[in-house]
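Participant: Sending over a structure as structure tokens; questions will come in a sec.
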């Protein structure tokens, strides 16, 4: 089946720093989404991005479907950005998640 | 308020005692799905439903059943729970497999 790999697995940042998270997938997909799981366990959709670039405040995402990867950019990080970031790819309703990137932002 | 509601949020049960985790959404979404989250294994899809009366297996369907009799509800049934089903469970919904909205999670412990 399709493989979804995220990197890095862990990341520690000082508040105010920028970061880039990567999601690689091994086959063509219908769409790709990015999620943030906060320290209380809630999963929040950040981007629905099958291709192209989207921005939402300090966060932006780019998916290059032909090269099978997506990037999530976090600028001017804040302590509230801490948590785990997941990407997930959709193959006709079947979703496959990456293992996540655990981000810790220090004040 | 648009939301996905799961119940119960926490449950401790014993091996073999049938249980149902309910999931309801008020956004008129066609697509609903269930996931389990385990340390080191991430999120894995159990079952999904593209619409009423249509359900399909995800990656880890063994030991679970689902039904989709109404658009808003998608219960997860554990007919004979076992300790390896101890996990954090999430229900989610979307408009035609688009942007996914998650419930708050149900933490299940099977003794």
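Protein chains in written order, with my numbering: chain A, 1 to 107; chain B, 1001 to 1111. Using N, Cα and C, we set each Cβ at its ideal position, and we do this for glycine too. The structure presented is a predicted model; accordingly, all values stated were derived computationally and were not measured.
Kindly list the residues whose CB is nearer than 7 Å to the CB of residue 82 (chain A), restricted to its own chain and excluding five residues on each side of it in sequence; keep chain order.
Facilitator: 39, 103, 104 and 105
Participant: Okay, do the segment 1082-1096 of chain B and the segment 1021-1040 of chain B touch, 3+ Cβ pairs below 8 Å being the bar?
Facilitator: yes
Participant: Which residue's Cα is closest to the Cα of residue 36 (chain A): A:26, A:65, A:14 and A:87?
Facilitator: A:87
Participant: Is it buried or exposed for residue 44 (chain A), if we count other Cβ within 10 angstroms and need 16 for buried?
Facilitator: exposed
Participant: So the beta strand (DSSP E) residue 68 (chain A) belongs to, where does it begin and stop?
Facilitator: It is not in any beta strand (DSSP E) - residue 68 (chain A) carries neither H nor E in the DSSP assignment.
Participant: Taking the alpha carbon of residue 1060 (chain B) as the reference point, which residue from B:1071, B:1006 and B:1048 has its own alpha carbon closest?
Facilitator: B:1048
Participant: Could you list the residues in the segment 34-49 of chain A with a C-beta less than 8 Å from some C-beta on chain B, going in chain order?
Facilitator: 35, 41, 42, 43, 44, 45 and 48
Participant: Check whether the Cβ atoms of residue 1079 (chain B) and residue 1050 (chain B) lie closer than 8 Å to each other.
Facilitator: no
Participant: Smallest Cα separation from residue 1006 (chain B): which of B:1099, B:1052 and B:1077?
Facilitator: B:1077
Participant: Residue 1085 (chain B) by DSSP, collapsed to three states: which one?
Facilitator: helix
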